[in-house]
Amino acid sequence: MELFKQFKVFQKQQKAYGMVLSIASWDSNTEAPKKCFPHRAEMLSIISGEHFSLMTSKDYQEVVNALIERIDEFDTLKKKEIITAKKALDKIVKIPKEEYVEYSKLINISQRIWEDAKEQDDYDIFKPYLKRIIEAKKQHIAYRTDQNDKYNVLLDDFEEGMSMELYDQFFGAIKEELVPFVKTVLEKRKDTDDGFITDTYDKATQKDFVEYLMEVFDYDYDRGLLKESVHPFTWNTHSQDVRFTVRYLENFVFSSIFAAIHELGHALYEQNIDPALDMTNLNGGASMGVHESQSRFYENMIGRSKAFWEAHYPKLQAMFKTQLRDVSLDDFYRGINKVDETFIRVEADELTYPLHILIRYEIERMIFDEGVDLEELPSIWNAKMKQYLNIEPTKDSDGLLQDVHWSAGMFGYFPTYALGSAYAAQIYYTLIKEIDFERLVRENNIEEINQWLKEKIHCFGSTKKPLEILEMVTGEAFNPSYYIQYLKEKYSKLY
Ligand SMILES: [Zn+2]
Numbered sequence: 017m018e019l020f021k022q023f024k025v026f027q028k029q030q031k032a033y034g035m036v037l038s039i040a041s042w043d044s045n046t047e048a049p050k051k052c053f054p055h056r057a058e059m060l061s062i063i064s065g066e067h068f069s070l071m072t073s074k075d076y077q078e079v080v081n082a083l084i085e086r087i088d089e090f091d092t093l094k095k096k097e098i099i100t101a102k103k104a105l106d107k108i109v110k111i112p113k114e115e116y117v118e119y120s121k122l123i124n125i126s127q128r129i130w131e132d133a134k135e136q137d138d139y140d141i142f143k144p145y146l147k148r149i150i151e152a153k154k155q156h157i158a159y160r161t162d163q164n165d166k167y168n169v170l171l172d173d174f175e176e177g178m179s180m181e182l183y184d185q186f187f188g189a190i191k192e193e194l195v196p197f198v199k200t201v202l203e204k205r206k207d208t209d210d211g212f213i214t215d216t217y218d219k220a221t222q223k224d225f226v227e228y229l230m231e232v233f234d235y236d237y238d239r240g241l242l243k244e245s246v247h248p249f250t251w252n253t254h255s256q257d258v259r260f261t262v263r264y265l266e267n268f269v270f271s272s273i274f275a276a277i278h279e280l281g282h283a284l285y286e287q288n289i290d291p292a293l294d295m296t297n298l299n300g301g302a303s304m305g306v307h308e309s310q311s312r313f314y315e316n317m318i319g320r321s322k323a324f325w326e327a328h329y330p331k332l333q334a335m336f337k338t339q340l341r342d343v344s345l346d347d348f349y350r351g352i353n354k355v356d357e358t359f360i361r362v363e364a365d366e367l368t369y370p371l372h373i374l375i376r377y378e379i380e381r382m383i384f385d386e387g388v389d390l391e392e393l394p395s396i397w398n399a400k401m402k403q404y405l406n407i408e409p410t411k412d413s414d415g416l417l418q419d420v421h422w423s424a425g426m427f428g429y430f431p432t433y434a435l436g437s438a439y440a441a442q443i444y445y446t447l448i449k450e451i452d453f454e455r456l457v458r459e460n461n462i463e464e465i466n467q468w469l470k471e472k473i474h475c476f477g478s479t480k481k482p483l484e485i486l487e488m489v490t491g492e493a494f495n496p497s498y499y500i501q502y503l504k505e506k507y508s509k510l511y
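The numbering of the sequence shown is our numbering, which starts it at 17 and goes up by one.
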């Protein structure tokens, strides 16, 4: 149909601009020198202005709206493309262009300001920017809807179908079941000889091991790239270009190993999406939560299992002869699953991790749903750390300044991290019923696990909604009790 062809032309133009902006952000986060940013923000704001015009032009709007009227004439895939486009359009169409451009400039600069604030441990530097970002977000929501519960809009943006009501149930279970369980685990902790964890491991050999892991997990080099960055992340435009980063810390070798496995989880997901979706608006993963379920599955269920290291510990030991010579597999396994109360989310272990997210969820909910004095944020943060983890940061760089997300305007994103782990646990209990998971991991046959996940989850890209995928795979609606069960089973054995 002529109309649909027009639609595809518009979509391709938008994708082209989106790709340029995206590749600029890859560059910002990997190689761009520090001083380039002010000019760069100025120039990129022009591109994002053009991008915005394309995404909201009258002609494009007319085409999308006309297609929506004739939606029943299309097959399932095209229908989904049209509906996804309409949803994206409704999100931004009412924002005046100047405000959109102003906002993207604000976000670009705020991330640099946040870096300075964190470095100098000075919340006051960041506070005025945070205030402007929150006001802009609220204004954007007000353009879209007169809905009062603004935080629900943000939550749904990152994870379609999720709301404060559902998250309250989820985090309620975490508070009730996990917080006391973490306390008992921490009390049972004994002093063990795990100095090897913070021994010195040279960066070049760490990189060799990461490259070995890329082979183990069957990552396709011809459709990807590995670089270094301060915060590891995965980047992609479509299934043929899926890159990721790690960082190498000389005194914490687990950082590069587990960041690599985590990011490989994201990257395999993207590489396994049906290439027929590449040039459509359905080409990425289903949602943040589903994405995180995959990265957490690879990192924790595979990467932190005993079976995995039965296969790969000899290799690591051979690469770091002096550091690991006297470390048994059992000690190593206990080391990679060590539970500790820590200030920093990205350094947190699998068990205490959701408590870090709980804190962020409660604070974001306060900001958008209840209203809170930004002056008070550091003390609110610290009080919650005390309540859930029984430690209190003495500086804001260990507290609310630690994460980049708010400076990038990403409110509503954090909860998907914990949600992803919970999805992963629910998926795990289905998977182990259908394939001999432990044996495959022990025999270094990750490909068969990849294949299962590809068929059940990855290949669909975003043609299905997150909660729909979960139900398809597990035969059940989202149920947080699997997550609690998984953590309790694993850590009761360890502690
Ligand atoms: Zn992730």
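Note that beta-carbon positions come from the ideal geometry of N, C-alpha and C, so glycine has one too.
Asked: Could you name each continuous alpha helix (DSSP H) segment of 4 residues or more that falls completely within the segment 142-188, going from the start of the chain to the end?; Found: 166-174
Asked: Under the DSSP definition of a beta bridge, which residues are partnered with residue 210?; Found: Answer is none; residue 210 lacks a bridge partner.
Asked: Output the distance between the C-alpha atoms of residue 233 and residue 462, rounded to the nearest integer angstrom.; Found: 6 angstroms
Asked: For residue 377 versus residue 187, is the C-beta spacing smaller than 9 angstroms?; Found: yes
Asked: Give the single residue among 406, 193, 62, 239 whose Cα lies nearest to the Cα of residue 113.; Found: 62
Asked: Roughly how many angstroms separate the alpha carbons of residue 293 and residue 478, rounded to a whole number?; Found: 9 angstroms
Asked: Shorter than 8 angstroms, the distance from the beta carbon of residue 235 to the closest heavy atom of ligand 1, or not?; Found: no
Asked: Beta carbon of residue 329, beta carbon of residue 280: below 9 angstroms?; Found: no
Asked: Note down, in chain order, each residue of its chain lying with its Cβ closer than 7 angstroms to the Cβ of residue 133, except the 5 sequence neighbours on either side.; Found: 139, 141, 142, 417
Asked: Around ligand 1, which residues pass a check of Cβ closer than 6 angstroms to any of its heavy atoms?; Found: 278, 282, 308, 311
Asked: Are residue 388 and residue 375 touching if we call contact CB-CB under 9 angstroms?; Found: no
Asked: Grouping DSSP H, G and I as helix and E and B as strand, with all else coil, what is residue 436?; Found: helix
Asked: Can the beta-carbon of residue 266 be found less than 9 angstroms from the beta-carbon of residue 216?; Found: yes
Asked: Comparing C-alpha positions only, which one of 110, 491, 88 sits nearest to residue 71?; Found: 110
Asked: For residue 220, is the classification buried or exposed, using 16 other Cβ atoms within 10 angstroms of its Cβ as the cut-off for buried?; Found: exposed
Asked: Starting from residue 244, follow its DSSP beta bridges and name the residues at the other end.; Found: 262
Asked: Could you pull out every unbroken beta strand (DSSP E) segment of at least 3 residues lying fully inside the segment 257-323, listed in chain order?; Found: 257-262
Asked: Taking a contact to mean a Cβ-Cβ separation below 9 angstroms, would you say residue 274 touches residue 211 in this structure?; Found: no
Asked: Helix, strand or coil for residue 250? Go by DSSP, reduced to three states.; Found: strand
Asked: Three Cβ pairs or more, each shorter than 8 angstroms: is that satisfied between the segment 178-186 and the segment 429-442?; Found: yes
Asked: Please list the terminal residues of the continuous alpha helix (DSSP H) segment that includes residue 410.; Found: Per DSSP, residue 410 belongs to no alpha helix (DSSP H) and is neither H nor E.
Asked: Could you round the C-beta distance between residue 331 and residue 349 to whole angstroms and report it? I think they count as a contact, below 8 angstroms.; Found: 15 angstroms between Cβ atoms; not a contact.
Asked: Do you know whose CA, among 174, 260, 509, lies nearest residue 428's CA?; Found: 174
Asked: To which residues of the same chain is residue 472 closer than 6 angstroms at the C-beta, ignoring the five residues directly before and after it?; Found: 489
Asked: Can you tell me the Cβ-Cβ gap for residue 157 and residue 169, rounded? I've got them flagged as a contact below 8 angstroms.; Found: 5 angstroms
Asked: Unbroken alpha helix (DSSP H) runs of length 4 or more, entirely within the segment 62-139: which are they?; Found: 74-85, 92-108, 113-136
Asked: So, for residue 340: in the same chain, excluding its five sequence neighbours on each side, which residues have a beta-carbon less than 6 angstroms away from its beta-carbon?; Found: 333
Asked: In the DSSP assignment, find the alpha helix (DSSP H) that holds residue 501 and state where it starts and stops.; Found: 497-510
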